[in-house]
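Be aware that the sequence shown starts at 24, since it is given in our numbering, and climbs by one per residue.
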Amino acid sequence: MASKSAQKQGRVGSRRQLRNKSIRSEVKTNVTKAEKLIFAGDLKAAQAAVKEAVSSLDKASEKQLIHGNNAARRKSRLLKKLNQAAAGASGGAAPEKAA
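Here's what the structure looks like:
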């Protein structure tokens, strides 16, 4: 039989688990939504979605639900996709250097 304090910590842990799960789910949803908009070519909506995804990643990292480096890596990959899509849409492909 567990002590009273152990039982209370079990209850607290369950509440935290539910809260953390919803926040992690929101992060995944926001990142997926942003990627879909990027690949669809809707850059205006994609920029807004990326901003929201970056914000949710920062919040999750701040609350230590995901590691800081994990959040930074995911933000970097998302912004890289957005920038490549923007460069491709504007025809701003870098000219190749002649050897």
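All residues carry an ideal CB built from backbone N, CA and C; glycine is no exception.
- Message: Using 8 Å for Cβ pairs, my map puts V54 next to A71. What's the rounded Cβ distance?
- Response: About 14 Å; that fails the 8 Å criterion.
- Message: I'd like the list of long-range same chain contacts for N43, defined as Cβ closer than 6 Å, with 5 residues on each side in sequence excluded.
- Response: Taken in chain order, the residues that qualify are L88.
- Query: So, is R100 buried or exposed, given that buried needs 16 or more other C-beta atoms within 10 angstroms?
  - Reply: So R100 ends up on the exposed side.
- Query: Is there contact here, the region 50–66 with the region 33–41, by at least three beta-carbon pairs under 8 Å?
  - Reply: Under the 8 Å Cβ criterion, the region 50–66 does not count as touching the region 33–41, having fewer than three qualifying pairs.
- Query: Between I26 and G33, what straight-line distance do the alpha-carbon atoms span, to the nearest angstrom?
  - Reply: In the sequence as presented, Ile is not what sits at residue 26; that position holds Ser. Distance between the alpha carbons of S26 and G33: 11 Å.
- Query: What do you reckon, are the CB atoms on E58 and K104 nearer than 8 Å?
  - Reply: Contact flag set, yes.
- Query: In three-state terms, what does DSSP make of G111?
  - Reply: In the three-state scheme derived from DSSP, where H, G and I count as helix and E and B as strand, G111 is classed as helix.
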